[in-house]
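Here's the structure we're looking at; comments come further down.
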Amino acid sequence: MSLRKPPLPRLLLNNVSCMRNAQQILRHVNVSVHDGGALVLTGTNGSGKSTFLRMLAGFSRPSAGEILWNGHDITQSGVFHQYKLQLNWLSLKDAVKEKFTVLDNVQWFEVLEGKEGKSLPAIELMGLGRLAKREGKDAINGPAQKAAACEIAGN
1 MSLRKPPLPR
11 LLLNNVSCMR
21 NAQQILRHVN
31 VSVHDGGALV
41 LTGTNGSGKS
51 TFLRMLAGFS
61 RPSAGEILWN
71 GHDITQSGVF
81 HQYKLQLNWL
91 SLKDAVKEKF
101 TVLDNVQWFE
111 VLEGKEGKSL
121 PAIELMGLGR
131 LAKREGKDAI
141 NGPAQKAAAC
151 EIAGN
């Protein structure tokens, strides 16, 4: 009889802590997410949710512990490059640039990723075709979030 090792988690936070301005924001966080799994993050204002997500996105680093993706530390440049190709980030703040049209907002990310030609289908899919030429500031709340989602869908 052979025993199989359980699969590695896709994402593993191992004893992660975060300090900011000499204040402990996160302390000894341990999380694992396997393929097909989900993570629900809840908490009060100031509890560290955004800090946690910023670390997962690679925008900031933990002061202690490690964040592993497929068993590899995401702070290593080669690993991070592969990790970010599978990561999508949508923030409620500054998701849509107000002076750009909805179409420009989505196309901006296409150009960065070298994947031109997917904007209009993504905009139509999200039901924003009629807003494509309007400025981002005119597509507030729900439509603005849909436009931000198009940025992800287009990639």
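In the UniProt record's numbering, the protein residues as written are 1 to 155.
C-beta: ideal position from N, C-alpha, C; glycine also.
Could you tell me which of the options sits nearest to residue i, measuring between CA atoms?
i, options, result
"R20", "V29, V40, S63", "S63"
"L103", "F52, E124, L85", "E124"
"Q24", "K118, S47, Q86, G43", "S47"
"R27", "A57, W108, N45, G65", "G65"
"T51", "H34, V29, V33, R4", "V29"
"Y83", "L12, S2, K5", "L12"
"L85", "N45, K115, H34, S119", "K115"
"K99", "R4, E135, H81, K5", "E135"
"L56", "G43, D73, G117, R4", "D73"
Using DSSP with H/G/I as helix, E/B as strand and the rest coil, what is residue i?
i, result
"V102", "helix"
"L41", "coil"
"S32", "strand"
"R61", "coil"
"G47", "A small fix is needed here, since residue 47 is Ser in this sequence, not Gly. Three-state DSSP puts S47 in coil, outside helix and strand."
"Q86", "coil"
"S2", "coil"
"R54", "helix"
"R20", "strand"
"R134", "coil"
"L128", "coil"
"I123", "helix"
"E116", "coil"
In whole angstroms, what is the alpha-carbon distance linking residue i and residue j?
i, j, result
"G36", "R10", "9 Å"
"K97", "G71", "36 Å"
"V16", "I67", "7 Å"
"G127", "A22", "46 Å"
"G78", "K133", "38 Å"
"P7", "R130", "46 Å"
"T101", "S2", "59 Å"
"G58", "K49", "14 Å"
"L87", "A122", "18 Å"
"T44", "N14", "23 Å"
"W108", "W69", "28 Å"
According to the Cβ coordinates, are residue i and residue j closer than 7 Å?
i, j, result
"T75", "R61", "yes"
"S119", "V106", "yes"
"L39", "V33", "yes"
Given 6 Å as the limit, tell me if residue i has its C-beta closer than that to any heavy atom belonging to the ligand ADP.
i, result
"N21", "Among the components of this structure there are no ligands whatsoever, and the ligand ADP is therefore not found."
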